[in-house]
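Quick notes on the structure that follows.
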Ligand SMILES: CC(C)(COP(=O)(O)OP(=O)(O)OC[C@H]1O[C@@H](n2cnc3c(N)ncnc32)[C@H](O)[C@@H]1OP(=O)(O)O)[C@@H](O)C(=O)NCCC(=O)NCCS
Ligand SMILES: CC(C)(COP(=O)(O)OP(=O)(O)OC[C@H]1O[C@@H](n2cnc3c(N)ncnc32)[C@H](O)[C@@H]1OP(=O)(O)O)[C@@H](O)C(=O)NCCC(=O)NCCS
């Protein structure tokens with residue numbers, strides 16, 4: 001029991017079943033967890049279980065996505081009324097798109113502020129995973145900080161899950177500060193990736209603690225697909241581009257702090273830095289994946305700040321068995337600080353994120369399939385794309401045996417406008433769009449990024465639109481033809497129907 | 001000649017014609033001027049004049065819009081190759097939409113940073129209006145600061161226009177600091193609207209000065225249309241909403257620093273605060289209009305920070321003949337500080353901007369008519385909407401005798417995504433969208449903001465889309481029907497054609 005250094009909590013130890021009984025129908029829960037890391041592994045799943053036999057439906061706010069099947073089971077069993085600010089689970093996604101669960105998709109850096117501004121989501125119970133409890137009863141979180149500090153502050157009551165699968169030596173990598181509401185908001189004095197501004201624990205009011213539960217379930221391991229031809233090509237284009245920026249004297253060999261989104265593309269891009277000529281790199285990101293630790297091992301990376309660590313089982317074994325080797329190079333922050341406009345703009349973060357589709361003017365859709373169906377959510381992409389030094393978006397030019405072009409005439413949903421997209425890259429090539437007018441952007445994107453099989457039909461659209469004039473030439477009556485044809489004919493290719501008929 | 005306190009400049013005095021001869025074909029010019037205030041009134045117009053008789057085409061970067069017919073004449077005479085980051089002139093707009101001039105529309109807070117990042121727009125000559133020159137040869141600007149500090153730093157050469165129509169007592173209201181490029185970017189230590197962080201002049205290298213010109217032309221007066229029924233109704237809805245926020249204890253009676261866009265709607269809204277119960281208001285905005293001075297006079301406003309002052313002739317007479325009365329309540333900053341994400345998020349600015357059209361999910365188009373033709377530009381609206389405490393967008397529900405509904409199924413161009421739009425308001429009513437999922441947003445917008453004459457057809461669209469499901473229900477094949485029908489049938493009203501035929 002030495003993980004609890006605050007004796008008054010000792011009589012609050014309960015089983016997950018007991019602790020979960022504090023949660024009532026219609027409760028609003030604020031739970032730890034960010035990209036599967038540091039989430040509630042035994043208490044929150046009890047709500048899904050109870051929903052099988054009783055009337056219980058809750059609203060769940062988290063940092064970002066939760067691990068295992070927690071979101072899936074909550075959705076499947078009808079235990080979810082509303083979910084925010086992110087999700088990435090196929091079952092939950094289906095419930096959201098089927099209007100069984102309401103989903104509020106948010107810039108991940110802005111949820112904490114929202115809780116200070118409106119009363120809609122007053123938290124009834126916060127459930128927070130801890131590696132230990134300090135002598136004052138405060139929480140040392142595990143592999144993510146996320147929104148836990150603001151949930152703990154905002155909540156009526158708190159349930160703590162102590163996860164003994166993480167080494168106690170995790171204590172010390174967190175840097176926690178709860179920002180005051182305006183007009184009392186303070187300067188966030190982070191001037192380097194490694195600047196510490198807060199406490200290595202989440203301060204809580206011990207009288208709010210309802211129960212403490214012991215958990216022995218590790219984080220759900222991240223699954224990383226190895227780089228393939230396309231993601232390697234994308235990585236190569238980005239590295240070449242950044243090398244040119246260094247050669248031209250616009251950046252130094254240590255670039256500026258890097259942010260990379262989640263998934264195989266981002267991971268492949270970051271891995272590519274191992275064999276680059278860059279040195280003394282830093283990260284100011286929201287999630288750290290395996291590639292971060294590869295870069296530490298290769299000596300390329302000196303420091304990484306984020307809000308969570310989401311790694312594969314193999315990487316996790318390596319990292320947590322030699323944690324002292326990495327500890328002084330890591331910092332986990334609340335997501336409203338890892339993603340703060342103030343800090344991202346000051347440090348000049350280079351943001352690398354993935355798109356579902358992009359259009360010829362550089363607008364990006366990172367959330368909605370066919371303009372309607374939610375995929376994962378906008379995540380932190382907007383926080384970095386808007387405020388960083390350089391905003392790079394990557395995606396394959398084409399997929400599904402050529403039936404989908406990821407570069408389209410007009411995105412069916414806009415998450416990032418052309419103003420916030422500096423560079424677009426597909427395996428075909430890279431388009432540096434900085435300082436260009438829309439028609440110049442279109443020419444460069446069509447030339448460099450569109451798959452050859454779609455180039456002719458893209459040029460046909462652009463040229464016809466161009467004739468009609470306008471700052472951003474479009475034919476509204478045809479702008480979504482590719483999308484509607486994908487639905488009706490199974491492909492975005494204009495000649496495909498004809499080909500089939502022949 | 002006592003406006004020039006640096007004797008070495010005295011032999012650089014030239015006429016506007018002479019000074020303008022330094023400008024060559026293909027030059028890139030960085031000119032002062034923001035919303036018609038503090039622009040070059042005699043030198044830059046010479047370029048338009050010369051273009052009538054010689055081959056001269058230049059790229060013009062400014063703060064924001066220029067006054068008089070400068071932009072119009074440059075465009076009309078073919079003297080403009082590229083224009084950025086803003087414009088609001090009907091003639092120039094036509095040239096842009098007709099592909100005679102390339103226009104790069106930018107978040108106004110981000111142009112200065114762009115100049116530090118890429119070399120595309122290395123400034124050949126900066127033309128900056130001054131009220132006087134300090135003893136060290138530095139520039140005291142007039143009614144705007146805009147991008148002049150970064151232009152002066154980036155430019156090879158500088159031409160100064162001393163405008164004697166402004167009282168020398170303007171000196172002192174400016175607060176100028178040039179931010180360093182990352183990784184050396186410093187904290188911007190503005191913690192209140194009135195925090196001073198720089199110099200009351202623009203530091204320049206005197207050896208860059210090519211010429212000094214005397215000008216006796218005042219700023220082009222702003223033309224303000226009096227509040228009408230619609231803008232008064234919009235103002236009333238906003239004031240009621242803010243009063244409720246105060247009553248609920250979420251804001252205090254001095255609210256948070258206000259930002260208001262340009263134009264009659266914004267001016268009417270701000271004027272409305274005169275008769276409100278709010279007290280000790282402050283502004284942290286980019287432009288100050290007549291309403292700011294009305295609020296000073298009525299004792300409601302204690303301080304206003306911005307990047308320019310754009311007022312009517314009557315207001316100008318009042319302000320500049322009693323300047324001492326206002327001087328200690330005003331501060332003009334470079335636009336990358338008035339519009340800095342860092343400061344706007346820290347202070348928690350309440351941003352009130354105008355839309356061309358909005359859609360049922362809360363996405364905003366503030367720039368493109370019919371998705372293609374540029375109106376004015378995005379201006380600073382995005383800087384405030386993304387980063388402030390509260391982002392309010394206003395527009396009439398309907399115009400042109402009912403032929404246009406400003407609430408549409410899907411905006412034809414997205415400048416501000418639903419994530420950055422907290423409140424929508426038309427004369428019909430206000431929709432507080434904070435914390436809502438897309439379908440909830442749609443219900444509230446349709447209920448509160450759509451004109452009764454368009455409600456049935458909007459509900460028909462939404463209900464049909466809703467049946468098809470998805471997080472953000474849309475029918476891509478019908479999403480722009482209203483826009484295309486406006487083009488073909490002259491109205492967005494679905495029954496109008498039928499009615500006419502009957
Ligand atoms: C955008 C995002 C979903 C891309 O992820 P990814 O793993 O690279 O993308 P995938 O290749 O799995 O594509 C997603 C799916 O959408 C499908 N898709 C993409 N575009 C499509 C289109 N126009 N029409 C239909 N389906 C499409 C893909 O085919 C794929 O389907 P599948 O799972 O059946 O193969 C992901 O990066 C994301 O969630 N981003 C938002 C959050 C974010 O950026 N956070 C930043 C910091 S963490
Ligand atoms: C959006 C903006 C143009 C609205 O200005 P406004 O004066 O309130 O708008 P107007 O009523 O003049 O509308 C503009 C024109 O577009 C037309 N229009 C609007 N929506 C239209 C539509 N869907 N289809 C066709 N025309 C449309 C209007 O009818 C009007 O035309 P008119 O001049 O022939 O009457 C203005 O606020 C702006 O420039 N905003 C961007 C910059 C900004 O927000 N800066 C913020 C800080 S300064």
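Residue numbers (UniProt numbering), protein chains in the order written: chain A, 1 to 502; chain B, 1 to 502. Note that CB positions come from ideal geometry on N, CA and C, so glycine has one too. This structure is a prediction, so every number in the text was calculated from the model and none was measured.
Residues of the stretch 236–265 of chain B with a C-beta less than 7 Å from any C-beta of chain A: 250 and 256, listed in chain order. At least one CB atom of chain B sits nearer than 9 Å to the CB of residue 374/A. Looking at the DSSP output, residue 340/A bridges to nothing. For the pair residue 90/B and residue 65/B, the Cα-to-Cα distance works out to about 12 Å. A direct Cα-Cα distance of roughly 9 Å separates residue 373/A from residue 474/B.
The residue among 389/A, 466/A, 11/A and 179/A with its C-alpha nearest the C-alpha of residue 442/A is 466/A. Following the DSSP letters along the chain, one finds residue 351/A in no alpha helix (DSSP H) but inside the beta strand (DSSP E) bounded by residues 350–354.
Relative to ligand 1, the beta carbon of residue 419/A is positioned no closer than 8 Å to any heavy atom.
At a cut-off of 9 Å between beta carbons, residue 436/B contacts chain A.
Counting only residues of its own chain and dropping the five nearest sequence neighbours on each side, residue 212/A has a CB closer than 6 Å to the CB of 9, 12, 13 and 160. Put simply, the CB of residue 454/B is far from chain A, with every gap to its CB atoms at 9 Å or more. Relative to the non-hydrogen atoms of ligand 1, the Cβ of residue 384/A comes within a distance shorter than 8 Å of at least one. Counted as a single uninterrupted DSSP element, the stretch harbouring residue 386/A is not any beta strand (DSSP E) but the alpha helix (DSSP H) occupying residues 381–387. Look at the stretch 247–299 of chain A and you find these whole runs of alpha helix (DSSP H), each 4 residues long or longer: 264–272 and 290–297.
Residue range 313–321 is occupied by the alpha helix (DSSP H) that includes residue 316/A. Put simply, the stretch 324–335 of chain A touches the stretch 169–184 of chain A. At least three CB pairs are less than 8 Å apart. Taking the Cα positions, residue 248/B is about 11 Å away from residue 241/B. Taking a Cβ-Cβ cut-off of 7 Å, the neighbours of residue 342/A in chain B comprise 341, 342, 345 and 346, given in sequence order.
Between residue 167/B and residue 34/B the beta-carbon gap is near 19 Å, outside 8 Å, which marks them as no contact. Within chain B, the residues 469 have their CB atoms less than 8 Å from the CB of residue 98/A, given in chain order.
Proximity of the beta carbon of residue 264/A to ligand 1 is indicated: a heavy atom of the ligand is located closer than 8 Å.
Distance from residue 142/A to residue 38/A at the Cβ level is roughly 4 Å; contact confirmed, criterion being Cβ atoms closer than 8 Å. Exclusion of residue 107/B from the 8 Å shell around ligand 2 follows from its C-beta lying no nearer than that to any non-hydrogen atom of the ligand. Within the DSSP bridge table, the entry for residue 83/B names 60/B and 103/B as partners.
In this structure, the C-beta of residue 357/B approaches ligand 2 to less than 8 Å from one of its heavy atoms. For residue 357/B, the enclosing beta strand (DSSP E) has its first and last residue at 357–359.
Of all C-beta pairs linking the stretch 358–378 of chain A to the stretch 401–421 of chain A, three or more are shorter than 8 Å, placing the two stretches in contact.
Distance from residue 293/B to residue 274/B at the Cβ level is roughly 11 Å; contact not present, criterion being Cβ atoms closer than 8 Å. Residue 34/A: not part of any alpha helix (DSSP H); DSSP gives it neither H nor E. With fewer than 16 other CB atoms across the displayed protein chains lying within 10 angstroms of its CB, residue 184/A is exposed. Annotation: residue 169/B to residue 132/B spans about 10 Å, alpha carbon to alpha carbon. Assignment of residue 365/A by DSSP, reduced to helix, strand and coil, places it in the strand class. Assigned with DSSP and collapsed to three states, residue 301/A falls in strand.
Closer than 9 Å at the C-beta level to chain A, one finds these residues of the stretch 400–419 of chain B: 410, 411, 412, 413, 414, 415, 416, 417, 418 and 419.
Interface with chain B (9 Å Cβ-Cβ cutoff): residue 189/A is included.
Between residue 377/B and residue 6/B, the C-beta spacing is not below 9 Å.
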